[in-house]
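S.K.:
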Amino acid sequence: MRPPALSVVGWSGSGKTTLLTRLVPELRQRGLRVGVVKHSSDAHPLHREGSDTARYAESGATFVAFANPAGVQLSFPEPPEQVLALLERFAGTVDLVLVEGWKHGPLPKLEVWRKGLGPLLATERRDVLAVVGEAPVPEGMTRFGPEEVQGIATFLQQCLRDGVLSR
1 MRPPALSVVG
11 WSGSGKTTLL
21 TRLVPELRQR
31 GLRVGVVKHS
41 SDAHPLHREG
51 SDTARYAESG
61 ATFVAFANPA
71 GVQLSFPEPP
81 EQVLALLERF
91 AGTVDLVLVE
101 GWKHGPLPKL
111 EVWRKGLGPL
121 LATERRDVLA
131 VVGEAPVPEG
141 MTRFGPEEVQ
151 GIATFLQQCL
161 RDGVLSR
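Dropping the structure here:
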């Protein structure tokens, strides 16, 4: 069983990272243990070329960890589609996982929208629960301003209580 999860989606430059860096402390202050996954559609190496960890990954290691006084970074040679299966390993250690990106993934979504970057995804997608931004949203959909972090946190807590993020 995986922990409850939500994708925070939007066009590049819409403010997803900014929102998450404000939302995580708010949720933690409310007692939630929050994990974050950054999903990227750009293929770039996980390890610096020629580094020891790159060599371990190239050798076929099941996982590679890099540990230093700042923390531990763990990587698995799995395709991004396997992120949900990997999250199962964290069941019981986090209350919520926020995934930045993964527009086409299977998770429920919170869309961050900014004028001029691209069309509103919520008009075409049924898996968008709410929109953050000044977009006109479909009837009945919840919309938050970019600064309404407390309201967004309350909304996510309600989604957790209702089981919406566990499907």
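With my numbering, the residue at position 44 of the sequence shown is 44, and numbering never jumps. Even for Gly, the Cβ is constructed at its ideal location relative to N, Cα and C.
I need the straight-line Cα distance from residue 164 to residue 50, nearest angstrom please.
M.R.: Distance between the alpha carbons of residue 164 and residue 50: 43 Å.
S.K.: Which ranges would you report for the alpha helix (DSSP H) in the stretch 75 to 125 if only whole runs of at least 4 residues count?
M.R.: Fully enclosed alpha helix (DSSP H) runs of 4 or longer: 83 to 87.
S.K.: Within 10 angstroms of its Cβ, does residue 108 collect 16 or more other Cβ (buried), or is it exposed?
M.R.: So residue 108 ends up on the buried side.
S.K.: Please confirm whether residue 39 and residue 101 have their CB atoms less than 8 Å apart.
M.R.: Yes, they are a contact pair.
S.K.: Can you tell which of 128, 96 and 64 has the C-alpha that lies nearest to the C-alpha of residue 153?
M.R.: Residue 153 has its Cα closest to that of 96, out of 128, 96 and 64.
S.K.: Tell me which residue opens and which closes the alpha helix (DSSP H) that residue 9 is part of.
M.R.: No alpha helix (DSSP H) contains residue 9, which is instead part of the beta strand (DSSP E) from 5 to 9.
S.K.: Are the stretch 74 to 81 and the stretch 49 to 63 touching by the rule of at least three beta carbon pairs closer than 8 Å?
M.R.: They touch, by the three-pair rule.
S.K.: Tell me whether residue 128 sits in a helix, a strand or coil according to DSSP, three-state version.
M.R.: Strand, per DSSP.
S.K.: Write down the C-beta distance between residue 160 and residue 4 rounded to the nearest angstrom, noting that I regard them as a contact closer than 8 Å.
M.R.: Residue 160 to residue 4, Cβ: 6 Å. Contact.
S.K.: Quick check: residue 117 and residue 128, are their CB atoms within less than 8 Å of each other?
M.R.: No, these two residues do not count as a Cβ contact at 8 Å.
S.K.: Kindly indicate the opening and closing residues of the beta strand (DSSP E) around residue 2.
M.R.: Taken as a continuous stretch (DSSP letters only), residue 2 belongs to no beta strand (DSSP E), as it is neither H nor E.
S.K.: Nearest CA to the CA of residue 26: which residue from 166, 162 and 157?
M.R.: Among 166, 162 and 157, the Cα nearest to that of residue 26 belongs to 157.
S.K.: Which residue wins for smallest C-alpha separation from residue 149, given the options 15, 125, 11 and 73?
M.R.: Taking only the C-alpha atoms, the option nearest residue 149 is 15.
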